[in-house]
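Below you'll find the structure, written out as structure tokens, and then a few comments.
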Amino acid sequence: MKDYQLIVIGGGAAGMTVAAGAANLGAKVALVEKKKHLGGDCLHVGCIPSKALIAASKEASSMMQAARVLGTEFDGRDHYQSTKARVDRAREIIQEHDGTERFTKLGVDVYIGEASFQSPYELKVGDDLLIGKKFVIATGSQPTVPPIDGLDTVPYLTNEDVFHEETLPESIIVIGAGTIGLELAQSFARLGSQVTVLEALDTFLPKEDESVRTLLKSQLEMAMRLKIGVDVKHISEVDGKIYVEAEIDGETVHYEADKLLMATGRKPRLEALRLDRAHVHVKDGYVDVSSTYRTSQPHIFAIGDTINTLPFTHAAGEEGKAVVANALFGLWNKVDYKKMPWITFTDPEVFHVGLTEAEAREQYGEDVDIFEAKLFEVDRFVADRQETGFVKIITRKNGKIIGGHAVGMTAGDWMQIVVYAMQRGDKIGKLSRMIYPYPSRSEAVKKAADLYWRKRLFNSPLTDLARKYFEWTR
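Here it is in structure tokens:
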């Protein structure tokens, strides 16, 4: 039996943030991780391997285009082993930074094993019984699949095992057109697979601005089939092939492929924790917490994918920072999710912060202005031959920024200045007055922001007076 001032359950982004922060402040900390390596899903089966795959597939696509120009051939499927090696290498390098040794050097006791509460203050990990004054639940999430007839009789992939495939399938059906499904689908298509994406909803990426979805859909459909409003009725396997029977607008349709990837969402990983023994309430499958991440037991906190906030690694990290102070010092810190950005790493990239245009108009009515610039108006994008895309900044009539959206090459990088402005409470005019290097992609933000001053300047009484003056003095 060992006593700790803080026990962190889960060695992913959220848990590591809390454990490192608390240890640096001098607390006696235990970090419990079920799997043999720290890093969580983001490192091993999520963000990092998928971004390495995306980068490799983009390069493969460029090589295929170049090969066609040169009158030769390049097939990404023939080089999938090198792609897989690239994914593995990215994980290995980052794992070195987030390994057990880093935390033991900080004075954290790391336990590898399944954790389960024995009481509100007792946690069992293998043969060890840990006693904690405070706890943080950060066990992450796992794939969830809908109850489709026949699914339990066929082999299917999820994000947890797709990166272990040794060969690239000639064809693959992806069920689910969320962030995970679209990123992986486009990557497979660029590497040479025939890809079909099936989405049950009548749209995809439902949290994105309508203008974003419209442009992205046209780009994605250049490489794969994307079907929305699909009611999958039955899945079967015959002679190694996957067959999907579905309905679209009442009409029966059939699809077949070599592989099936289920990307239909995720759910908190809570079953083994025995939260009932700790008297921690669960609501709709998530740990029920206050705005400061306290559960029904004030000494137990929960963050990351275990709670119903935004399911992003950077959101979990911010929650982790808040919880360090809340758990150790009794503070009431919380994260402002209204200014939390996210990126969908398709090509082109999709950036999102704040309200969409529809949400803004619903909330503020006529008190909304839209400032939009096309990327073909920005010299750097023209030089890069990456003119597809746009920037949309949404403001109140007084210039207060309430939303920012972009589709374009590396949009997640050059749109960050909009997040900074929102967090500072700056109005769009300040984005226009900033000096941007030429030629840079960030000038797209400047062009959108310049429209604010143009609208004010050319629709003001002073402008009318100036026009009359210059007309009189000609």
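Residue numbers (the working numbering): 33 to 506. We put the beta carbon where it would ideally sit given N, CA and C, even for glycine.
For residue i, count neighbouring Cβ atoms within 10 angstroms of its own Cβ and tell me buried if that reaches 16, exposed if not.
i, result
"ALA354", "buried"
"TRP446", "buried"
"GLN113", "exposed"
"GLY397", "exposed"
"GLN16", "Residue 16 cannot be examined here, being either before or after the span of the chain that is shown, 33 to 506."
"THR505", "exposed"
"HIS384", "buried"
"SER89", "buried"
"PRO179", "exposed"
"ASN358", "buried"
"PRO187", "exposed"
"GLU65", "buried"
"SER322", "exposed"
DSSP three-state call for residue i: helix, strand or coil?
i, result
"GLU350", "helix"
"GLU202", "coil"
"ILE125", "helix"
"ASP263", "strand"
"VAL194", "helix"
"SER89", "helix"
"ILE212", "helix"
"ILE460", "helix"
"LYS424", "strand"
"TYR36", "strand"
"TRP364", "coil"
"LEU483", "helix"
"HIS384", "strand"
"PHE377", "coil"
"ILE335", "coil"
What does the alpha-carbon distance come out to for the pair residue i and residue j?
i, j, result
"ILE126", "PHE220", "24 angstroms"
"ALA295", "ALA209", "7 angstroms"
"ALA98", "VAL229", "27 angstroms"
"GLY297", "VAL177", "7 angstroms"
"ARG393", "ILE402", "10 angstroms"
"ARG257", "VAL227", "6 angstroms"
"GLY282", "VAL356", "52 angstroms"
"PHE344", "ASP181", "31 angstroms"
"TYR318", "PRO238", "21 angstroms"
"THR49", "LYS137", "15 angstroms"
"GLY71", "PHE195", "16 angstroms"
"PRO469", "LEU248", "28 angstroms"
"ASP241", "ILE207", "22 angstroms"
"GLY44", "GLU192", "15 angstroms"
"GLN150", "PRO373", "38 angstroms"
Rounded C-beta distance between residue i and residue j? I'm assuming under 8 angstroms.
i, j, result
"LYS259", "GLU231", "7 angstroms"
"ILE274", "ILE205", "6 angstroms"
"GLY386", "GLY435", "4 angstroms"
"LEU162", "ILE39", "6 angstroms"
Along the beta strand (DSSP E) that carries residue i, what are the first and last residues, could you check?
i, result
"GLN418", "From DSSP, GLN418 is part of no beta strand (DSSP E); its letter is neither H nor E."
"LEU292", "291-294"
"GLN150", "147-151"
"SER173", "173-175"
"ARG298", "298-300"
"GLY436", "433-440"
"VAL157", "154-157"
"LYS165", "160-169"
How far does the alpha helix (DSSP H) with residue i in it reach, from first residue to last?
i, result
"GLN246", "Going by the sequence as given, residue 246 is Thr instead of Gln. Its alpha helix (DSSP H) spans residues 242-252."
"PHE236", "Counting along the chain, PHE236 falls outside any alpha helix (DSSP H), and DSSP gives it neither H nor E."
"ILE449", "448-456"
"GLU277", "Here GLU277 belongs to no alpha helix (DSSP H); instead the beta strand (DSSP E) covers 273-280."
Against chain C, does residue i count as a neighbour if the rule is that its beta carbon must be under 9 angstroms from one of theirs?
i, result
"VAL450", "You won't find chain C in this structure, because it holds only one protein chain."
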